[in-house]
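**Q** Structure provided below as C-alpha cells; questions to follow.
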Amino acid sequence: MCNHVFCGERIYVTPGQLSDLIGGPRGLVWLEHAGEMDWCLCAIDLPTTLNRAKLSWKQDTDASTFTVER
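Taking the working numbering, the leading residue of the sequence shown gets 32, the next gets one more, and so forth.
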C-alpha cells in the first residue's frame with residue numbers, strides 16, 4: 032500500500048500535492064524517482080521531509096499513514 036499524509040481534511044498522495052503542504056518541491060527528500068511529481072509518496076522519505084518542514088506529525092499504526100498535527 033502506498034504512503035499518504037493527512038492534514039486536516041486533506042489527503043496528500045503524490046509528491047506534487049505534498050510539496051504544497053511543505054512550501055514547495057525543494058523540501059522533498061527523495062528515495063527514488065526524483066522529480067516525478069505524480070508518483071506515489073513511496074518515493075519520498077516522509078519522516079525526513081516532514082521534519083525538515085518543521086511540521087508536527089505522527090505515523091499511525093498503519094505504517095503507510097502519516098498525520099500532520101496542526
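Yeah, the Cβ is synthetic: ideal placement off N, Cα and C, and Gly gets one too.
What residues match up with His35 in a beta bridge as DSSP calls it?
**A** Paired residue(s): Thr96.
**Q** Identify which residue in Thr79, Asp51, Gly39 has its Cα closest to the Cα of Met68.
**A** Residue Asp51 is the option with its Cα nearest to Met68.
**Q** With a cut-off of 8 Å, does the C-beta of Ser50 fall near any C-beta of chain D?
**A** Absent from the structure is chain D; it holds one protein chain and no more.
**Q** Going by the CB atoms, is the gap between Cys71 and Thr98 shorter than 8 Å?
**A** No, they are not a contact pair.
**Q** By Cβ distance below 8 Å, which residues in the same chain neighbour Asp76 in space, the five residues on each side in sequence not counted?
**A** Result list for Asp76: Val60, Trp61, Leu62, in chain order.
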